[in-house]
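Read through the structure below, which is laid out as structure tokens, and then see the notes.
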Amino acid sequence: DAGVIQSPRHEVTEMGQEVTLRCKPISGHDYLFWYRQTMMRGLELLIYFNNNVPIDDSGMPEDRFSAKMPNASFSTLKIQPSEPRDSAVYFCASSGGTVSYNEQFFGPGTRLTVL
Amino acid sequence: AQSVTQPDIHITVSEGASLELRCNYSYGATPYLFWYVQSPGQGLQLLLKYFSGDTLVQGIKGFEAEFKRSQSSFNLRKPSVHWSDAAEYFCAVGLTGGFKTIFGAGTRLFVKA
Chain R
1 DAGVIQSPRH EVTEMGQEVT LRCKPISGHD YLFWYRQTMM RGLELLIYFN
51 NNVPIDDSGM PEDRFSAKMP NASFSTLKIQ PSEPRDSAVY FCASSGGTVS
101 YNEQFFGPGT RLTVL
Chain D
1 AQSVTQPDIH ITVSEGASLE LRCNYSYGAT PYLFWYVQSP GQGLQLLLKY
51 FSGDTLVQGI KGFEAEFKRS QSSFNLRKPS VHWSDAAEYF CAVGLTGGFK
101 TIFGAGTRLF VKA
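Top to bottom, those sequences are chains R and D. Residue 63 in the numbering used here sits at position 63 of the first sequence; the count goes up by one each step and never skips. Residue 69 in the numbering used here sits at position 69 of the second sequence; the count goes up by one each step and never skips.
Written out as structure tokens, the structure is:
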């Protein structure tokens with residue numbers, strides 16, 4: 001299996017622009033998580049889905065952030081409009097299927113820089 | 001509330017020396033416990049996990065961890081550190097009733113020659 005795939009790996013944008021991050025989970029996994037990692041705040045859970053349905057979005061920082069999972073093999077995290085404080089590494093992870101309970105598989109991350 | 005504490009922000013050990021990374025958790029139910037490792041520029045990779053049974057668990061790359069319920073701890077150990085072990089290590093608690101996981105702040109390991 002190719003593992004969790006994220007694109008792009010790096011994104012540089014200007015303040016006010018819309019940013020869309022993409023994730024393809026491991027086939028057969030029914031949980032998908034979006035995390036944000038910064039030096040100041042560490043690893044934060046933003047939102048997670050089960051069977052394409054958002055279960056907990058309490059970590060989404062503001063209405064500028066939105067996430068969708070239109071099908072079992074694709075999810076997006078959108079920031080509109082972006083701000084410099086959104087600069088971080090965003091990870092997608094998936095879990096479920098036949099793996100051990102709670103074990104998560106992480107993608108390589110998208111490093112976002114907002115100028 | 002559930003929480004995970006890794007008291008050491010960073011640790012430096014000499015190559016070949018033993019290693020212990022500390023982790024304490026707060027959770028009312030039986031915990032599912034994990035250690036993940038993150039190399040620079042990479043995502044997190046699972047090192048080992050504890051669900052039940054033997055409280056000493058073995059993981060990849062020669063790591064082990066011991067669950068101590070009385071101390072609410074799940075410390076990670078390795079008898080002899082290699083330079084390639086330099087990375088950031090995260091302890092995590094999996095919440096029952098779902099797949100949500102709480103991560104600690106991480107401990108960055110530096111290995112000196």
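Think of the CB as a built atom: it goes at the ideal place given N, C-alpha and C, for glycine as much as any other residue. Note that the structure is a prediction, hence the values are computed from the model and not measured.
Can you tell me which of the three DSSP states serine 82(R) falls into?
-> coil
Length of the line joining the Cα atoms of asparagine 52(R) and tyrosine 31(R) | 8 Å
What residues in the segment 17–33 of chain D have a beta carbon less than 7 Å from any beta carbon of chain R?
-> Tyr32
What does a CB cutoff of less than 6 Å around glutamine 17(R) pick up in its chain, not counting 5 residues either side in sequence?
-> Ser82
Report yes or no: is there a C-beta of chain D within less than 8 Å of the C-beta of glutamine 17(R)?
-> no
Proximal chain R residues relative to threonine 101(D), where beta-carbon distance stays under 7 Å = Asn102, Gln104
Neighbour-count burial assignment, glutamate 14(R), 16 or more Cβ in a 10 Å radius | exposed
Hey, how far is the Cα of alanine 88(R) from the Cα of methionine 40(R)?
-> 10 Å
Is DSSP giving glutamine 114(D) helix, strand or coil here?
-> Past the boundaries of the shown model lies residue 114(D); chain D is included only from 1 to 113, so the question cannot be answered.
Chain R contacts from the segment 38–51 of chain D (Cβ-Cβ distance under 9 Å) = Gln38, Gly41, Gln42, Gly43, Leu44, Gln45, Leu46, Lys49, Phe51
Using DSSP with H/G/I as helix, E/B as strand and the rest coil, what is isoleucine 26(R)?
-> coil
Three-state secondary structure (DSSP) at isoleucine 9(D)?
-> coil
State yes or no: is the beta carbon of glycine 62(D) nearer than 8 Å to at least one beta carbon in chain R?
-> no
Aspartate 56(R): contacting residues in chain D (beta-carbon distance under 7 Å) | Lys100
For the segment 4–66 of chain D, list the beta strand (DSSP E) runs that are entirely contained and at least 3 residues long, ordered along the chain.
-> 10–14, 19–21, 24–26, 32–38, 44–50, 56–58
In chain C, which residues lie with their C-beta within 8 Å of the C-beta of phenylalanine 90(D)?
-> Structure shown: chain C not included; protein chains present are R and D.
For arginine 36(R) and arginine 111(R), the rounded distance between their alpha carbons | 10 Å
Just how far apart, CA to CA, sit glycine 62(D) and valine 12(R)?
-> 39 Å
Give the single residue among Arg77(D), Thr12(D), Lys112(D) whose Cα lies nearest to the Cα of isoleucine 60(D).
-> Arg77(D)
Counting contacts by CB-CB distance shorter than 8 Å, is phenylalanine 49(R) in contact with chain D?
-> no
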